[in-house]
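Okay, so here's the structure we're looking at.
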Amino acid sequence: NTKTRKFPDGFLWGGAVAANQLEGAYNEDGKGLSTADVSPNGIMCPPDFSMEQFNLYHDGIDFYHKYKEDIALFAELGFKAFRFSISWPRLFPNGDEVEVNEKGLQFYENIVDELIKYNIEPVITISHYEMPLGLVKTYGGWKNRKLVEFYERLSKTIFTRFKDKVKYYMTFNEINVLLHAPFTGGGLLFEDGKKNEQDIYQAAHHQFLASALAVKAGHEIVPGAQIGCMIASMITYPYTSKPEDMFAALTQDRKTLFFSDVQSRGYYPTYMMNYFNEKNIEIEMEEGDLALLQDNTVDYIGFSYYMSFVASTAPEHNDEKTAGNLLAGVKNPHLRSSEWGWQIDPVGLRTVCNQLYDRYQKPLFIVENGLGAVDKVEEDGSIQDNYRIDYLDAHIKEMKNAIGDGVEIMGYTSWGPIDLVSASTAELKKRYGFIYVDRDSEGKGTNNRYKKKSFDWYKNVIATNGEDF
Ligand code: BG6
């Protein structure tokens, strides 16, 4: 629709990062250890509590000390919004303290103030892929209901401090990661090493409660607050037109949509209650839980989009798997993959936008999208990342098509506008940025920042409000 195919005024163009992937300073100013600090091989591998292995997350890209320089570059890009997360153990080192660690909170206020100085809207993820290790050791992670109270304290502390400065929040990054990386998503460890769905879904229930309490508190404390959920979208196509493949795709999609269904619609869907029944999963609930969920649904649907998936009932298709950040999947013969095996599918973004908007009728916020690739610094110092420009160009075009379809989209924050440590593989050679960071996967380099070719390209996208797409 050419008439409606236009980015609205005030569209939140920008970039997104997570504390544990760029801050570094993992033990400075009173910060406690987080689950990321013991995950030297990334979120899909078991933790190493000995802390003996080299861990890139510990120093990140030193954003903790370089944030002013980095935010100045985001301002030069013309960012309207910057999404970042709060490291929970920076505020509450063990997670169960009553008093906040002021130095930690002050660090985030400095970031917020710096953003506001440049008219960049801060967008806060309350919890992104990490939690205080103390909550794992003392309480067993999110399967313990005590965590709801600790998270509520965390979120209220954030809202109270930033109520006059920050309007946009989201409660848990990719909340559905619990299913795929339960240690990162929920601080869960299993005695026999095998994922236990009982614990996973109990932990999910507690996170839903914590999220609903945050929505409630945010609405009470912050004037005009917009509090969203955040899922890793994983749209699934049937491999063939066989009805069974279609049903397999639907079933796979429900694993993801279950999370946004509860957070946005405010109740447990029947398909999930049936699944629990079938698997003898019993979710412990207290009186008032369901009413809390029902009364405190999210204001918008935040999601990440990197790739699409395929479901097939034919065993031969399931033999050859391709990689993904959270889930390995059946290969799609129609798509190319990134160097990490993620299947590149711009049209899938348009479909996801339509699917989510049809389902929830709430504004969408695309809070992650991007291409992880190896960059080469040329002899003249330039970085010709045309592949990144192509990827983003194609996705932004499809986002605009979705707007033309009538989907309400609030903004787009590309993942990792500055190179940072990857989540699934804990390396630095997988780069997403418009800004190159001179640090490699072994932790060597000057940590200096350089603009890539994509820097000027994205700057122009924002300056023209995407009119060329
Ligand atoms: C998302 C996460 O799943 O994907 C980010 O929210 C992550 O934390 C991003 O970094 C890209 O994944 P990766 O593994 O390439 O860093």
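Residue numbering for the sequence shown follows the UniProt record's numbering, starting at 2 and increasing by one per position. Glycine is no exception: its CB is placed at the ideal position from the N, C-alpha and C atoms. These numbers were taken from a predicted model, which means no experiment stands behind them.
- Arg-440 is classed as buried because its beta carbon has at least 16 other beta carbons within 10 Å across all chains shown.
- Comparing C-alpha distances from Met-45 to each of Gly-325, Asn-120, Met-132 shows the shortest one belongs to Gly-325.
- About 18 Å separates the beta carbon of Tyr-240 from that of Arg-255, a gap too long to meet the 8 Å contact definition.
- A residue is called buried once 16 or more other Cβ atoms fall within 10 Å of its Cβ, and His-335, having fewer, is exposed.
- In the structure shown, Lys-401 adopts helical secondary structure according to DSSP, grouped into three states.
- By the neighbour-count definition (other C-beta atoms within 10 Å, threshold 16), Gly-434 is a buried residue.
- With a cutoff of 9 Å on beta-carbon distance, Ala-427 and Asn-102 are scored as not near each other.
- Remark: the shortest separation between the CB of Ala-19 and any heavy atom of the ligand BG6 falls under 8 Å.
- Leaving aside the five residues that flank Glu-198 on each side, the residues in its chain whose CB is nearer than 8 Å to its CB run, in chain order, Lys-280, Ile-282.
- Around the beta carbon of Ile-117, fewer than 16 other beta carbons sit within 10 angstroms, so the residue counts as exposed.
- Collapsing the DSSP output to three states places Gln-344 in a strand.
- Scanning its chain for C-beta atoms nearer than 8 Å, with the 5 sequence neighbours on each side dropped, one finds around Arg-154 the residues Phe-93, Val-99, in chain order.
- Looking only at Arg-337, His-207, Thr-252, Val-368, the smallest Cα-Cα distance to Lys-144 is reached by His-207.
- Put simply, the segment 9-17 touches the segment 406-418. At least three CB pairs are less than 8 Å apart.
- With a cut-off of 8 Å on Cβ pairs, the segment 66-78 is not in contact with the segment 30-49, counting fewer than three such pairs.
- Considering only Trp-458, Val-353, Asp-359, the residue with the shortest C-alpha distance to Glu-77 is Trp-458.
- Here Ser-455 carries a helix assignment [DSSP, helix/strand/coil].
- For Trp-89, the shortest C-beta to heavy atom distance toward the ligand BG6 is 8 Å or greater.
- Rounded to the nearest angstrom, the gap between the Cα atoms of Ile-397 and Val-462 is 9 Å.
- Listed in chain order, the alpha helix (DSSP H) elements of length 4 or more contained wholly in the segment 75-144 are 89-92, 103-118, 134-140.
- Taking 8 Å as the cut-off, one finds no heavy atom of the ligand BG6 near enough to the beta carbon of Ala-249.
- In this structure, Arg-389 sits near Lys-453, with a CB-CB distance shorter than 9 Å.
- Straight across, the Cα-Cα distance linking Asp-165 with Ile-159 is about 11 Å.
- Distances taken from the Cβ of Val-353 to the heavy atoms of the ligand BG6 include none shorter than 8 Å.
- Assignment of Gln-253 by DSSP, reduced to helix, strand and coil, places it in the helix class.
- In the three-state DSSP reduction, Pro-41 falls in the coil class, being neither helix nor strand.
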